[in-house]
Amino acid sequence: MPDGGAIARRVAAMVVVAAALQGCSSEKAQGATEPVTVPASALVGSLASVAEINRVMDSTAMTPHPVTDTMADDRALLPNLNCLGVWQPDQAAIYGAPGEPDGWNALARQTLRTPDTEQWSSLVRQSVISYPSAEAAQRFFDQSAQRWSQCTNHRVNITLNDRPMPKWLSGDLGRAEGQLAMPVAVGMGAENRVCQRVLSIYSNVIIDVEACRPPLPIVTSASEIAAKIQRSLPA
Numbered sequence: 001m002p003d004g005g006a007i008a009r010r011v012a013a014m015v016v017v018a019a020a021l022q023g024c025s026s027e028k029a030q031g032a033t034e035p036v037t038v039p040a041s042a043l044v045g046s047l048a049s050v051a052e053i054n055r056v057m058d059s060t061a062m063t064p065h066p067v068t069d070t071m072a073d074d075r076a077l078l079p080n081l082n083c084l085g086v087w088q089p090d091q092a093a094i095y096g097a098p099g100e101p102d103g104w105n106a107l108a109r110q111t112l113r114t115p116d117t118e119q120w121s122s123l124v125r126q127s128v129i130s131y132p133s134a135e136a137a138q139r140f141f142d143q144s145a146q147r148w149s150q151c152t153n154h155r156v157n158i159t160l161n162d163r164p165m166p167k168w169l170s171g172d173l174g175r176a177e178g179q180l181a182m183p184v185a186v187g188m189g190a191e192n193r194v195c196q197r198v199l200s201i202y203s204n205v206i207i208d209v210e211a212c213r214p215p216l217p218i219v220t221s222a223s224e225i226a227a228k229i230q231r232s233l234p235a
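Start counting the sequence shown at 1; every next residue gets the next number (full-length UniProt numbering).
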C-alpha cells in the first residue's frame, strides 16, 4: 500500500506535462479572435458523448447519469472555498445563484463512471456553464485562478456519517491562456485513483471537468474532454 509520500510523488510526476496539457484548451480560440456568444441551447449538445468519454478513459463501460441543470452543494463537507471548487466541480457556493448580476445563467452537467457505484474505478464529471457575457465569464475564471492557487499541494480529510472519505491530495496549479489544470490523488492502496481537474474558458462559457482513473504516470483525460467540449461549441 503506497504511503502519503508515494502519492505525493505520483502527483508531482503528473505535473511534468502541465504545459503540454494546457495547450489543448485554446486550440479552437486560436482560430477566431472573437468567439461568438454561446447560447444556453448549445450547452447540452457540447458535452462529450459516452463513446468519446470511453475512448478518453480507455474504457468500454462508462455509465452516463442524466444531464442536470442545477449545481451541487457540498460546502457543509468542505467550507474552505479555496479548495471546494477544486475538490468537486459545479459547486453552488463557488458559482453563486443563477441570475445574479453577471452570474451564470445556464448549466449542463453530467457524471459518468464505471462501475456505476460509489466504489467506482473510473469517473468523469463534465459540465458547461454559460454567462451573460465573455467579460462575466472571465471574472469568474480569474477568481477561480486565485482560489485554485491557494489550494495547491493541499490535503483534504473529510468524515461523512462517521466514516472517513477517501484521502485527497492536490498537486501544483498549471495555468495557460484560458485554462487551469491541477493533478489530484484520491484514496490509498488498492483504492488509489489519479485525477485531473480542469477549468477552461471560451467566450462566455466555463468548462469544468474532473476525470479520475486507476493510477497512471500521467492523467490528461480532463484536458482532453475539455478540449472536445470546446470544439463542440459554436465558433
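Built from N, CA and C at the ideal position, the CB exists for glycine as well. Since we're looking at a predicted model, the values are computed, not measured.
Roughly how many whole angstroms lie between the Cα atoms of residue i and residue j?
| i | j | result |
| --- | --- | --- |
| A185 | Q88 | 13 Å |
| T70 | M165 | 24 Å |
| T159 | S121 | 21 Å |
| E100 | L233 | 24 Å |
| A61 | R125 | 15 Å |
| I225 | N161 | 33 Å |
| A235 | G45 | 14 Å |
| N54 | Q119 | 18 Å |
| A106 | A134 | 14 Å |
| V194 | R139 | 29 Å |
| P115 | L123 | 9 Å |
| I206 | W168 | 24 Å |
| S41 | N153 | 38 Å |
| S59 | N192 | 18 Å |
| P98 | L47 | 20 Å |
Are residue i and residue j touching if we call contact CB-CB under 8 Å?
| i | j | result |
| --- | --- | --- |
| V156 | I229 | no |
| A222 | Q196 | yes |
| R82 | P132 | The residue asked about is misnamed: residue 82 is Asn in this sequence, not Arg. The answer is no: Cβ separation not under 8 Å. |
| L112 | P64 | yes |
| L199 | S144 | yes |
| M188 | S170 | no |
| L43 | A108 | yes |
| I94 | L84 | yes |
Taking the beta carbon of residue i as the centre, do at least 16 other beta carbons fall within 10 Å, making it buried, or is it exposed?
| i | result |
| --- | --- |
| D208 | buried |
| Q110 | buried |
| A51 | exposed |
| P66 | exposed |
| E210 | buried |
| A190 | exposed |
Could you check what DSSP says for residue i in three-state terms: helix, strand or coil?
| i | result |
| --- | --- |
| A61 | coil |
| C151 | coil |
| R231 | helix |
| G45 | helix |
| W120 | coil |
| Q138 | helix |
| A106 | strand |
| G96 | coil |
| S209 | Just to set this straight, residue 209 is Val in the shown sequence, not Ser. Reduced to three states, the DSSP call for V209 is strand. |
| S203 | coil |
| I158 | coil |
| L216 | coil |
* **Three-pair Cβ contact test at 8 Å for the region 90 to 105 versus the region 65 to 82** => yes
Original post:
Would the region 145 to 152 and the region 210 to 228 be scored as touching if the rule is three or more Cβ pairs under 8 Å?
Top reply: no
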